[in-house]
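Student: My numbering applies: residue 2 is where the sequence shown begins, and numbers increase by one. We treat Cβ as the ideally placed atom computed from N, Cα and C, and that holds for glycine. Please read all numbers here as calculations on a predicted model, not as lab measurements. Here you go, one structure.
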Amino acid sequence: MKFQLLPSTFEENGKASPRQHLACFIVDDCVSIDAGSLAMSTTSQQKKQIRDVILTHAHLDHIAGLPLFIDDLFATIRRPIQVFATDEIIEILERDIFNWSIYPRFSELENDNGKVMNYRSFAPGEEFNVQHLQVKAVKVNHKVPCFGLIVSDGKTKFALTSDTAEMDDFWQVLNEEENLSAVLVECAFPNELEDLAHISYHLTPKTLKKELEKIKKPDCLIYVVNIKPMYRDAIVKELAELGLENLQILEVGQIYEW
Ligand SMILES: [Zn+2]
Numbered sequence: 002m003k004f005q006l007l008p009s010t011f012e013e014n015g016k017a018s019p020r021q022h023l024a025c026f027i028v029d030d031c032v033s034i035d036a037g038s039l040a041m042s043t044t045s046q047q048k049k050q051i052r053d054v055i056l057t058h059a060h061l062d063h064i065a066g067l068p069l070f071i072d073d074l075f076a077t078i079r080r081p082i083q084v085f086a087t088d089e090i091i092e093i094l095e096r097d098i099f100n101w102s103i104y105p106r107f108s109e110l111e112n113d114n115g116k117v118m119n120y121r122s123f124a125p126g127e128e129f130n131v132q133h134l135q136v137k138a139v140k141v142n143h144k145v146p147c148f149g150l151i152v153s154d155g156k157t158k159f160a161l162t163s164d165t166a167e168m169d170d171f172w173q174v175l176n177e178e179e180n181l182s183a184v185l186v187e188c189a190f191p192n193e194l195e196d197l198a199h200i201s202y203h204l205t206p207k208t209l210k211k212e213l214e215k216i217k218k219p220d221c222l223i224y225v226v227n228i229k230p231m232y233r234d235a236i237v238k239e240l241a242e243l244g245l246e247n248l249q250i251l252e253v254g255q256i257y258e259w
């Protein structure tokens, strides 16, 4: 399985920045998990192939690229963009984003080939298929409705917490899974901003360490994502100080094969 966190921004020399401002993960060049930089950082091949987008929640850094992606491709879309989300998240998108004030309601629009966008509602805990992938969504502990995902292609499996504070349900479901290769965990703030992390429902290296103790998968690789760009250096240092061998930072732009 091929996995990539798309770049969000660019350095002054035009190269992709290692800092993550937006969340957009591409699986096998054809399925997107969240859509933060979907319009901005996909290759032309990915733009042709990606027609399925799974959303963990509706925060802007996870959806910013979705309206622009559909807009950019509007005339060329033959198979509608399918947006997989819970009913609650779909309601938020229709009310607050695709409402004709912020952006067009693409779910009502057609091009010469037919519809350009469909919603596909999923229920937490129930497995659903997206292309060749089997996906399970489990509610995590964020300020808004938000779902961690467990994704399998039949051979390889990974889990992604999305944005969350301390939680138990997701880890319990994850511990029942077999053949789990990688777990992607968020860590948004440094330890000194523990209060801010608490009120915004995110983790710090200190609280992350406690969460990792709940994972009963000793062979599983742990990747940290969603590091707030402004605090990246401090967070990376504090994560290194945890001294955990199987823990690494998921590098922006890099292609991982699991
Ligand atoms: Zn969020």
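Please classify S122: does DSSP put it in a helix, a strand, or coil?
Tutor: Looking at S122 - three-state DSSP - the assignment turns out to be strand.
Student: Leaving out five residues on either side along the sequence, give the residues of the same chain with a beta carbon under 8 angstroms from the beta carbon of P191.
Tutor: The answer, listed in chain order, is T205, P206, Y232, A235, I236, E239.
Student: How would you write the range of the alpha helix (DSSP H) that L155 sits in, first residue to last?
Tutor: It should be pointed out that residue 155 corresponds to Gly in this sequence rather than to Leu. From DSSP, G155 is part of no alpha helix (DSSP H); its letter is neither H nor E.
Student: From this set, K49, E177, Q21, H143, which residue's C-alpha is nearest T57's C-alpha?
Tutor: When each option's Cα is compared against that of T57, the closest is H143.
Student: Classify S45 as buried or exposed, calling it buried when 16 or more other Cβ atoms lie within 10 Å of its own Cβ.
Tutor: Exposed, by the Cβ-count rule.
Student: Under 7 angstroms from any heavy atom of ligand 3, does the C-beta of D97 make it?
Tutor: The model depicted lacks ligand 3 and carries ligand 1 instead.
Student: Please classify G265: does DSSP put it in a helix, a strand, or coil?
Tutor: Residue 265 is absent from the structure shown; the chain starts at 2 and stops at 259.
Student: Name all residues in chain order for which at least one heavy atom of ligand 1 lies closer than 7 angstroms to the residue's CB.
Tutor: Going along the chain, the residues that qualify are H58, H60, D62, H63, H143, K144, V145, C147, D164.
Student: Take S42 and list the residues in its own chain whose beta-carbon comes closer than 6 angstroms to its own, dropping the five residues that flank it on each side.
Tutor: L7, P8.
Student: Comparing alpha-carbon positions, which option in K3, K16, L213, N247 lies nearest A166?
Tutor: A166 has its Cα closest to that of L213, out of K3, K16, L213, N247.
Student: If Y120 sits next to I98, beta carbons under 8 angstroms apart, how far is it from one beta carbon to the other, in whole angstroms?
Tutor: With a Cβ gap of about 12 angstroms, Y120 and I98 do not count as contacting.
Student: Are the CB atoms of L94 and A138 within a distance shorter than 8 angstroms?
Tutor: Contact: no.
Student: Nearest-angstrom Cα distance between I78 and L245?
Tutor: In a straight line, the C-alpha of I78 is about 45 angstroms away from that of L245.
Student: Ignore the nearest five residues each way along the sequence and tell me which others in E178's own chain have a CB closer than 7 angstroms to its CB.
Tutor: Correct list, in chain order: I151, K158.
Student: Taking DSSP as the reference, what is the three-state secondary structure of S38?
Tutor: It is coil, neither helix nor strand.
Student: Would you check if the distance between the CB atom of Y224 and the CB atom of L185 is smaller than 8 angstroms?
Tutor: Contact flag set, yes.
Student: Please classify S122 as buried or exposed, where buried requires at least 16 other C-beta atoms within 10 Å of its C-beta.
Tutor: Classification for S122: exposed.
Student: With DSSP collapsed to three states, give me the class of D164.
Tutor: Three-state DSSP puts D164 in coil, outside helix and strand.
Student: Beta-carbon within less than 6 angstroms of P105's beta-carbon, same chain only, minus the 5 sequence neighbours each way: which residues are those?
Tutor: Taken in chain order, the list of residues that qualify is empty.
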